[in-house]
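Report on the following structure.
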Amino acid sequence: QAVTLGSLGGLQMQTGEYPAAVTSLRRALELDRDLGDRDEEAHVVAALGVVQRLTGDYPAALASLRQAWEIFGEIGDRPNHNALLAEIGIVHRLTGDHAAAADCLGQALSVAYDQGDRLNQADVGGQLGALHVETGDYPAAENCLGQALEIARALGARVIEATVLNTLGELRLRCAANRKAEECHTAALAIADDLGAPAEEARAREGLGRCRIQVGDHRGGGAQLRAAL
């Protein structure tokens, strides 16, 4: 029951049902703690931290993610310990602590390559690329995002592919490559629509709106931005 509730919460998180995800995850967490199942507890607390990050509650997200990271370290789960380091890095990026974000994401990416963990190479590489976009290091961003996209496509990791495509679109719009930016966001939107991933759909529509405004199509851009909102 605990495992099923945890899985349900993870699915609800992916489909954007955040309040329902929190309810499922908190119920799972109560059961895991009653059972003394530290491994499942860590997974659920980590998922709760991701939901808190997605809904903008960054202090709670950081507390949950650090708690899960400590548990994974205690039980010797190195892959998940590394994955949580990347999640902590994302929160640091979103709160503007770029130095801490670079440290966490850089360590996580190095471990992913050392362990041959292709999925995390794509995921963390995409997040590090996003950090480079925000700090203005566009060549480094292009390199990280290009590698992440190649790996995601090879693995069939479509949510990561959509995320990376949206970040590439944002990078290319900053570099005045409007047509390439629109192509990236259009491809991301198609994946998000197909998978039912509303967070990336919103990012894609926002990106398309900005692309439309950049070429003077204010009505079309406004329509996309309203859809994103």
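Under the working numbering, residues 69 to 297 are what the sequence shown spells out, in order. Cβ coordinates follow ideal geometry from the N, Cα and C atoms, glycine included.
Check, Outcome
"Using the three-state DSSP reduction, which class does Asp165 fall into: helix, strand or coil?", "coil"
"From Thr203 to Glu109, what does the alpha carbon distance come to, in whole angstroms?", "35 Å"
"I think Val159 touches Arg121, with their Cβ atoms under 8 Å apart; what is that distance to the nearest whole Å?", "6 Å"
"Is it buried or exposed, His286, if we count other Cβ atoms within 10 angstroms and call 16 or more buried?", "exposed"
"In the DSSP assignment, find the alpha helix (DSSP H) that holds Ala245 and state where it starts and stops.", "Neither: Ala245 is in no alpha helix (DSSP H) and is coded neither H nor E."
"Taking Asp185 as part of the alpha helix (DSSP H), name the residues at either end of that continuous run.", "Neither: Asp185 is in no alpha helix (DSSP H) and is coded neither H nor E."
"Could you say which of Val119, Asp145 and Asn211 lies nearest to Leu133 if we only look at CA atoms?", "Val119"
"Can you name, in chain order, every residue of its own chain whose Cβ lies under 7 Å from the Cβ of Leu173, other than the five neighbours on each side?", "Ala154, Gly157, Val192, Gln195, Leu196 and Leu199"
"So, under 8 Å CB-CB, Thr235 and Val201 are touching, yes? Tell me the CB distance rounded to an integer number of Å.", "6 Å"
"How is the alpha helix (DSSP H) around Glu138 delimited, first residue to last?", "Tyr126 to Ile143"
"How big is the Cα-Cα spacing for Asn188 and Val71?", "23 Å"
"With DSSP run on the structure shown, which of helix, strand or coil describes Leu307?", "It is not possible to answer for residue 307, since the shown part of the chain is limited to 69 through 297."
"Under 7 Å Cβ to Cβ from His149, same chain only, skipping five residues before and after it: list those, please.", "Trp137, Phe140 and Gly141"
"Select from Gly74, Tyr86, Gly78 and Gln82 the residue whose C-alpha is nearest the C-alpha of Arg95.", "Gly74"
"Leaving out five residues on either side along the sequence, give the residues of the same chain with a beta carbon under 8 Å from the beta carbon of Leu103.", "Ala70"
"Rounded to whole angstroms, what's the CA-CA distance from Leu223 to Val232? Just pull it up for me.", "14 Å"
"Under 7 Å between the Cβ atoms of Ala270 and Ala230?", "no"
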